[in-house]
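Position one of the sequence shown corresponds to residue 771 (the working numbering), numbered consecutively onward.
Written out below as structure tokens is the structure these notes cover.
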Amino acid sequence: MKKSPVILLLILVSAIIMLGACAAPAPAEPAEPAVAEPEPEEAAPAEEAMGAGSIAVILTGPWDDNSWNEAGYDAVHALEEDGVKIAFSENVADADVGRVLREYTAQGFEMIVAHSFSYQDPTFEVGEESPDTNYAWAGGIGRTATNVADYDQPFYEAAYPIGVLAGHMSESGVLGALYGFDIPVCHAMGEALLAGALTVNPDASLIQTAVGDWVDVAKAKEAALAQADAGVDFWIECGEGPALGAIEAAKDAGGYVTGYVGDMTENGPDVVLSNLKWNLEPMFAQMLADTHDGTFDNPYYRFGIAEGAMLVELNEQLQDSIPAEAIEAMEAAMQAIAAGELVVEFVPE
């Protein structure tokens, strides 16, 4: 007798259910906690990165400015070649520094450098919030905390031999110092420039101007042109904006300019006679080493000419216009400072 279609359908469904029951797994044991240890092959890359260390730097302007910011950028990238995990943020306004510091802290960076004098307050604020992370700011005044370093900028050491050069090259004998702000680090540069120049020209004099801004080029150029009207024909600067402003002023009014903590020759190949260059790699490496050693405690770092951090280089395109005795005297001053035979006075105000 034929089975009805309904009966056939019921038999088919029953068979499918039975097969499914046979294939189902046995009831599971009670679940373990959700947090599990990572597999070794997944953890290895992170362990390697932490073994070399990690450092981030926060910059006030573009990384490729041939000056202050590029010095910080170059330093962390040199450490990257040694296996250090790095990061950088450029064009960070003072109002945003706290946010960026907290982001890098949350990402687990061991050492975070706030590379500006104006980043002072947020650095100490975040440092207090996160005592297990180390920070640094570019104060040059010795203000520190247990996990916040300050680092000196002894540009005045290099400003002295540049002053020797200026004593030979300035026709008027009137030198110009252009600062973002008249802070100790900056003021000492102008005083050292004059001290070096006086060894060559006893009648040399100095005009100092604080622009009131680290990055405003137009404002700095206006100040430099005012100095030129007063006889200045050789400039040293403290701040990227003052340096670029002085370069533009020299193009219009004549005279020579010193590049600020980087090779600024391309910004003014006909007026940038010398460059004061800052090598930050050894200092950043020391910060990271102290972090790993557990010796990072209210540190104040000072890396100058003797440590290979302060360099003076001449513009090769203009070098033929410099008397040989000027170059020899400048190089002799550099060597004497490096050897400790010549101590340049720090005049902060």
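Quick reminder that beta carbons are idealized off the backbone N, C-alpha and C, glycines included.
Integer Cβ distance of residue i from residue j, believed to fall under 8 Å
i	j	result
isoleucine 932	valine 1082	6 Å
valine 896	isoleucine 828	Not confirmed; about 11 Å, so no contact.
glycine 910	glutamine 890	Glycine 910 to glutamine 890, Cβ: 11 Å. No contact.
phenylalanine 1004	serine 940	4 Å
serine 888	aspartate 864	5 Å
tyrosine 874	alanine 826	4 Å
alanine 993	leucine 948	6 Å
glycine 1121	asparagine 1037	With the chain covering 771 to 1119 only, the question about residue 1121 has no answer from this structure.
Same chain, Cβ closer than 7 Å to residue i, five either side skipped, listed in chain order
i	result
phenylalanine 894	Ala915 and Val918
threonine 969	Val934 and Gly937
valine 846	Ile825, Val827, Ile856, Phe858 and Phe1054
Own chain residues within Cβ distance below 8 Å of residue i, not counting five before or after
i	result
aspartate 834	Glu840 and Tyr843
leucine 995	Ala1019, Asp1022 and Ala1023
tyrosine 1070	Gly912, Thr914, Ala919, Asp920, Tyr921 and Asp922
phenylalanine 1066	Asn904, Asn917, Ala919, Met1057 and Asp1060
alanine 822	Asp852, Gly853, Val854 and Lys855
Residue i vs residue j beta-carbon contact at 7 Å
i	j	result
valine 987	glycine 946	no
proline 892	glycine 868	yes
glycine 1074	proline 954	no
glycine 1009	tryptophan 984	yes
methionine 1128	alanine 928	Outside the modelled stretch of the chain, which goes from 771 to 1119, sits residue 1128, for which no answer is possible.
alanine 967	alanine 974	yes
glutamate 1007	alanine 998	no
glycine 1029	valine 1041	no
alanine 1076	alanine 1108	yes
Residue i to residue j span [Cα, whole Å]
i	j	result
glutamate 961	glutamine 1056	29 Å
glycine 912	tyrosine 921	7 Å
glutamate 1095	asparagine 904	47 Å
alanine 965	alanine 1020	23 Å
alanine 1103	glutamate 1111	9 Å
tyrosine 1026	leucine 963	14 Å
alanine 884	aspartate 1090	40 Å
Cutoff 6 Å; reference residue i; Cβ partners in own chain excluding five residues on either side
i	result
glutamate 1018	Lys991
aspartate 952	Ala980
With three or more beta-carbon pairs closer than 8 Å as the criterion, would you say the segment 1047-1063 touches the segment 1096-1110?
Flag = no, the segment 1047-1063 and the segment 1096-1110 do not touch.
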